[in-house]
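Residue numbers for the sequence shown follow the working numbering, beginning at 57 and rising by one. Here's the structure we're looking at; comments come further down.
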Amino acid sequence: MSKEELISIAIEARKRSYSPYSHFAVGAALYCEDGSVYIGANIENCSFPVSMCAERNAIYNAMMDGKTSEDFLALAVVADTSSFCSPCGACRQVLSELYPNDKPIYLANLKGDVKVTNIEELLPFSFDGSDL
């Protein structure tokens with residue numbers, strides 16, 4: 057699957073966002089080795105700490121279907137931002153544990169700006185299980 061196709065799926069996933077408080081809709085699409093794609097959108101709650109981001113929804117959706125990090129090939133994240141959409145700190149921490157270091161993460165906006173990165177660039181000094 058091309059980068060552009062995966063970003064298009066994330067744009068469609070963004071339409072499922074429930075963001076009545078921030079009005080900041082985010083979509084994510086996770087491409088897996090078997091050709092499956094898992095989508096996520098941010099889901100807000102008036103008690104913001106219990107809200108869920110698009111990236112984590114996509115990853116958790118895949119895991120609930122039996123996928124593991126070995127299955128993950130690429131992740132796209134899209135929002136209506138002036139530059140590319142960058143994951144929050146909580147999502148970076150989850151990605152650092154559950155998403156492969158060597159796989160691309162496409163950060164995009166609705167204008168067509170895209171940054172290709174990976175989790176090591178997004179969270180270079182991550183806290184992990186070896187720190188416990």
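Even for Gly, the Cβ is constructed at its ideal location relative to N, Cα and C.
Practice problem: Look up A135 in the DSSP assignment and give the residues it is bridged to. | Solution: Here residue 135 refers to the residue found at position 79 of the sequence shown. The partner list for A135 (beta bridge, DSSP) reads V82, N165.
Practice problem: Would you mind listing the alpha helix (DSSP H) stretches within the region 102–152 that are 4+ residues and don't spill past its ends, in chain order? | Solution: 110–120
Quiz item: Does any residue of chain C bring its CB to less than 8 Å from the CB of L62?
Solution: Included in the structure is just one protein chain, with no chain C present.
Quiz item: Between D158, E177, N174, C147, which lies nearest to N98 when the distance is taken from Cα to Cα?
Solution: As a position in the sequence shown, residue 98 is number 42, starting the count at 1. Here the closest residue by C-alpha is C147.
Practice problem: Can you say whether G145 is buried or exposed, counting buried as having 16 or more other CB atoms within 10 angstroms of its CB? | Solution: In the sequence shown, residue 145 corresponds to position 89, counting from 1. By the 10 Å Cβ count, G145 comes out exposed.
Exercise. Measure the beta-carbon distance from N165 to S139 and round it to whole angstroms, keeping in mind my assumption that it falls under 8 Å.
Key: Looking up residue 165 in the sequence shown gives position 109. Looking up residue 139 in the sequence shown gives position 83. Yes, they are in contact, since the Cβ atoms of N165 and S139 sit about 7 Å apart, within 8 Å.
Practice problem: Kindly give me the distance between the Cβ atoms of V82 and A135, rounded to whole angstroms, as I take these residues to be in contact under 8 Å. | Solution: The sequence position of residue 82 within the sequence shown is 26, counting from 1. The sequence position of residue 135 within the sequence shown is 79, counting from 1. With 8 Å as the limit, V82 and A135 qualify as a contact, their Cβ atoms being about 5 Å apart.
Quiz item: Mind checking whether A130 and A84 have CB atoms under 8 Å apart?
Solution: Locating residue 130 in the sequence shown gives position 74, counting from the first residue. Locating residue 84 in the sequence shown gives position 28, counting from the first residue. Not a contact, by the Cβ cut-off of 8 Å.
Practice problem: Find the nearest neighbour of D90 within the set V150, K123, L188, E177, judged by alpha-carbon distance. | Solution: Numbered from its first residue, the sequence shown carries residue 90 at position 34. Ranking the options by Cα distance to D90, first place goes to K123.
Quiz item: Do you know whose CA, among L188, I175, I65, E68, lies nearest S125's CA?
Solution: Looking up residue 125 in the sequence shown gives position 69. It is I175 whose Cα lies nearest to the Cα of S125.
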